[in-house]
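**Student:** My questions all concern the structure below.
Protein chains in written order, with our numbering: chain A, 1 to 369; chain B, 1001 to 1369.
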């Protein structure tokens, strides 16, 4: 029996995508082998690779101006690889920081900047507190972003998974806009043309861990540095259709299955509607007991993907988790760095799971409030 | 029906490892979810992670002096990541080149050397021809390796997959020894203590693509550079038990399944015996028709993993492939850069497949010779 999985990533995947993977695992499409055993240079795998890309292009409306690329290493590797490619000497690289992932992104950019002779700058942050561990409650307004008009790029994190903070707009930027969208990629349509680069670890909304999806403006990629190792140049990935070296073929196959599922569900408009319904169910239940539950994030920065909340005491949080477990709900514990509760409501979480969680939230407050 | 898969990588996997993955794909160990959906910080995944490592340590006899690490990006990324970590200013990094992968490794080291201010040197090569495309027929002798005793490290490729050339000894080195063992990793026991670092893409002998295994001397890792991005420092991987960021959990799970299979088959001594038997069957069949088949590699450098051979004409090579296909044999076409035939005989290839190939080789020569 499937549990109600609210994991933050790796996260629950659509059951039909998993069932198809199971059914095809040993014998793929009458080829006498698993898709894992196929050469990445053969026509059977290439069809999978291109189906994953073309379904993503169709569902998300990715314009011809942008590549769809697959790379390895996780978004954490992109924190280094983006400045390696796109920091230009004499131009700063500007970062918006409103959570732990933004902090990590600029930390790596600082290291790369020292190697290359460029400066990475925080041009807007909503971090509170003087210590090493800052707290965050919102995204910055455009007016707060002190962008250098000459910047190599402006980098931001569209959804801070740990803090549950999400941008509900695309920031205005006169510099090329780079977005780490790992935890809110493809939960709805977005205007990809506004971005120089979007990157996202797959393990939230579109696949398993071990693969990063990039939507990359072709001109931006072509202008990247040529003095870094070939394997790290995004032009290498683009020029070789993400097949310069052996890709994680099974992970890309799984993305294909998830894309098929999104399409079968009615596409991203239907997925967005469901995601908003799920988030409303959970946030409304929490807000109905505002004296009992504490929501640290300002309302207009609340994440549709990751709902973060606290209970009056750690003892009650433990009790809440125990009660959730009785109801077959898992993955509700907050990130170890911030504590509390976190419910991740990615694409593959059904509305019924969100409703069951909302019921628990309501009943628990009534019983323990 | 399973075909006889001689792919060079991704390659055939042990059927029991695949069947277990299929049976557990949707529902892992009664947890109500797939292993892909588990948090990499949870106890269920961690047990898989540690079982993969501990079985590998046991089967290969990895000493306590060495970490077993998992990283992403393929061996091609390690071509850059190794010099980024271990090139020391004022010391050369020395490379043995006896094939295409060694060429690629030093090409990336040259780029990193320019960034860091170090020199990468070819200290032995068996490449023939003046053009860009060199041909290779053997590994160098120790006496040919003009190592700088002060070198940061000596790098070599233990098996050149494309050319079918393998080291059947561990080269003598007064510098830390670094080995790209991607295509001959774990086909037999080896004395790991002699290496500062062994790295291997999993997709030949131990798993699917998308994961690299490293056997890394702990002191060597600790001495690595600290001025490169944190994500690329091997100490980051080691200090966090390969869980600094989300690893490709399903790929590591597959490695666990393959390790279980190797153990169930009697361990690496049994696997080595079988591998030698397979290679002997195929090489003997080719040698028996030495006037018909052309084996470009010198006998004592022949790879046990990748058997490379040519036929008298490209037309006969096409005919050979067509005949192989009739017998359900696939993956025998040589790498596009060198042409000809290549049969990869990794751990998961049964003796019967090698015997069937030997029969084809014999019959085809008799019919067409």
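C-beta atoms are modelled at their ideal positions from N, C-alpha and C, and glycine is treated no differently.
Helix, strand or coil: which one does DSSP assign to residue 160 of chain A?
**Tutor:** It is a strand residue.
**Student:** Spatial neighbours of residue 126 of chain A within its chain, please: CB distance less than 6 Å, with the 5 preceding and 5 following residues excluded, ordered by chain position.
**Tutor:** Correct list, in chain order: 98, 136, 138 and 140.
**Student:** Reducing DSSP to helix, strand and coil, say where residue 172 of chain A ends up.
**Tutor:** Looking at residue 172 of chain A - three-state DSSP - the assignment turns out to be coil, as it is neither helix nor strand.
**Student:** Pop quiz: residue 1344 of chain B and residue 1006 of chain B are said to be a contact at Cβ under 8 Å. What is the actual Cβ separation, rounded to whole angstroms?
**Tutor:** Confirmed, about 5 Å.
**Student:** With three or more beta-carbon pairs closer than 8 Å as the criterion, would you say the stretch 34 to 48 of chain A touches the stretch 158 to 177 of chain A?
**Tutor:** Segments in contact, no.
**Student:** My parser needs the beta strand (DSSP E) runs of 3 or more residues fully inside the stretch 32 to 104 of chain A; what are they?
**Tutor:** Listed in chain order, the complete beta strand (DSSP E) runs (minimum 3 residues) inside the stretch 32 to 104 of chain A are 66 to 71 and 93 to 97.
**Student:** Residues of the stretch 211 to 229 of chain A in Cβ contact with chain B at a cutoff of 9 Å, in chain order, please.
**Tutor:** Under the 9 Å Cβ criterion, the stretch 211 to 229 of chain A contributes 211, 227, 228 and 229.
**Student:** Measuring only the C-alpha atoms, how far is residue 1201 of chain B from residue 1070 of chain B?
**Tutor:** Each residue's Cα considered, the two are about 10 Å apart.
**Student:** So residue 1102 of chain B packs on residue 1160 of chain B, CB below 8 Å; how close in whole Å?
**Tutor:** With a Cβ gap of about 7 Å, residue 1102 of chain B and residue 1160 of chain B count as contacting.
**Student:** DSSP on residue 147 of chain A, reduced to helix/strand/coil?
**Tutor:** Of the three classes helix, strand and coil, the one that applies to residue 147 of chain A here is coil, per DSSP.
**Student:** Residues in its own chain within less than 7 Å of residue 52 of chain A by CB, not counting five upstream and five downstream?
**Tutor:** Hits under 7 Å: 252, 255, 256 and 259.
**Student:** Opposite residue 365 of chain A in the DSSP bridges: which residues?
**Tutor:** Answer by DSSP bridge pairing: none, since residue 365 of chain A is not bridged.
**Student:** Would you mind stating whether residue 1018 of chain B and residue 26 of chain A have Cβ atoms separated by less than 9 Å?
**Tutor:** A contact, by the Cβ cut-off of 9 Å.
**Student:** Of the residues that make up the stretch 235 to 263 of chain A, which ones have a beta carbon closer than 8 Å to any beta carbon in chain B?
**Tutor:** Residues 244, 245, 246, 247, 248, 249, 250, 251 and 254.
**Student:** Determine the extent of the beta strand (DSSP E) in which residue 385 of chain A is found, giving its start and end residues.
**Tutor:** In the structure displayed, chain A extends from 1 to 369; residue 385 of chain A sits before or after that span and is not available.
**Student:** Comparing the C-beta of residue 201 of chain A with each C-beta of chain B, is any distance below 9 Å?
**Tutor:** Closer than 9 Å: yes.
**Student:** Tell me whether residue 1248 of chain B is buried or exposed, calling it buried when 16 or more other Cβ atoms sit within 10 Å of its Cβ.
**Tutor:** Buried is the call here.
**Student:** Considering only C-alpha positions, which residue in the set B/1302, B/1014, B/1222 and B/1086 is nearest to residue 1117 of chain B?
**Tutor:** Checked all of B/1302, B/1014, B/1222 and B/1086; the closest Cα to residue 1117 of chain B is B/1086.
**Student:** Hey, out of A/183, A/276, A/214 and A/357, whose CA is closest to residue 309 of chain A's CA?
**Tutor:** Residue 309 of chain A has its Cα closest to that of A/357, out of A/183, A/276, A/214 and A/357.
**Student:** Does the beta carbon of residue 2 of chain A come closer than 9 Å to any beta carbon on chain B?
**Tutor:** Yes, residue 2 of chain A counts as interfacial toward chain B.
**Student:** Once the 5 residues before and after residue 1145 of chain B are set aside, which same chain residues still bring their CB inside 7 Å of it?
**Tutor:** Cβ neighbours of residue 1145 of chain B beyond the five flanking positions: 1096, 1123, 1124 and 1171.
**Student:** Tell me, please, whether the CB atom of residue 12 of chain A is closer than 9 Å to any CB atom in chain B?
**Tutor:** So, interface residue.
**Student:** Between the stretch 14 to 26 of chain A and chain B, which residues of the former have a C-beta closer than 7 Å to a C-beta of the latter?
**Tutor:** If the cut-off is 7 Å between Cβ atoms, the stretch 14 to 26 of chain A has 18, 19, 21, 22, 25 and 26 near chain B.
**Student:** Is residue 1131 of chain B near residue 1302 of chain B, with beta carbons less than 9 Å apart?
**Tutor:** The answer is no: Cβ separation not under 9 Å.
**Student:** Closer than 9 Å by beta-carbon distance: list the chain B residues that pair up with residue 395 of chain A, in chain order.
**Tutor:** Residue numbering for chain A in the displayed model covers 1 to 369; residue 395 of chain A lies beyond these limits and cannot be assessed.
**Student:** Excluding five sequence neighbours on each side, which residues of the same chain lie with their C-beta closer than 6 Å to the C-beta of residue 1109 of chain B?
**Tutor:** Same-chain partners within the cutoff: 1083, 1093 and 1120.
**Student:** Using DSSP with H/G/I as helix, E/B as strand and the rest coil, what is residue 211 of chain A?
**Tutor:** Residue 211 of chain A: coil per DSSP, three-state reduction.
**Student:** For residue 1274 of chain B, name the three-state secondary structure that DSSP assigns.
**Tutor:** Helix, per DSSP.
**Student:** Roughly how far, in whole angstroms, is the beta-carbon of residue 231 of chain A from the beta-carbon of residue 1076 of chain B, given that I think they are within contact range, below 8 Å?
**Tutor:** Right, the Cβ-Cβ distance comes to about 5 Å (below 8 Å), so this counts as a contact.
**Student:** Determine the extent of the alpha helix (DSSP H) in which residue 23 of chain A is found, giving its start and end residues.
**Tutor:** 15 to 24 is the span of the alpha helix (DSSP H), which, as asked, contains residue 23 of chain A.
**Student:** Sort out for me which residues DSSP pairs residue 1201 of chain B with in a bridge.
**Tutor:** For residue 1201 of chain B, which the question treats as bridged, DSSP gives the partners B/1212.
**Student:** Using 10 angstroms around the beta-carbon of residue 1359 of chain B, count the other beta-carbons present and answer buried if the total reaches 16, otherwise exposed.
**Tutor:** Classification of residue 1359 of chain B: exposed, given that the 10 Å Cβ count is below 16.
**Student:** Given this structure, state the Cα-to-Cα distance separating residue 1342 of chain B from residue 185 of chain A, to the nearest angstrom.
**Tutor:** Approximately 42 Å between the Cα atoms of the pair.
**Student:** How about residue 187 of chain A and residue 112 of chain A: are their beta carbons less than 9 Å apart?
**Tutor:** Result no, Cβ atoms of residue 187 of chain A and residue 112 of chain A do not sit closer than 9 Å.
**Student:** Where residue 167 of chain A and residue 195 of chain A are concerned, what is the direct C-alpha to C-alpha distance, given to the nearest angstrom?
**Tutor:** For residue 167 of chain A and residue 195 of chain A, the distance between alpha carbons rounds to 14 Å.
**Student:** Could one say the Cβ of residue 1038 of chain B lies closer than 9 Å to chain A's Cβ atoms, at least one of them?
**Tutor:** True, the Cβ-Cβ gap to chain A drops below 9 Å.
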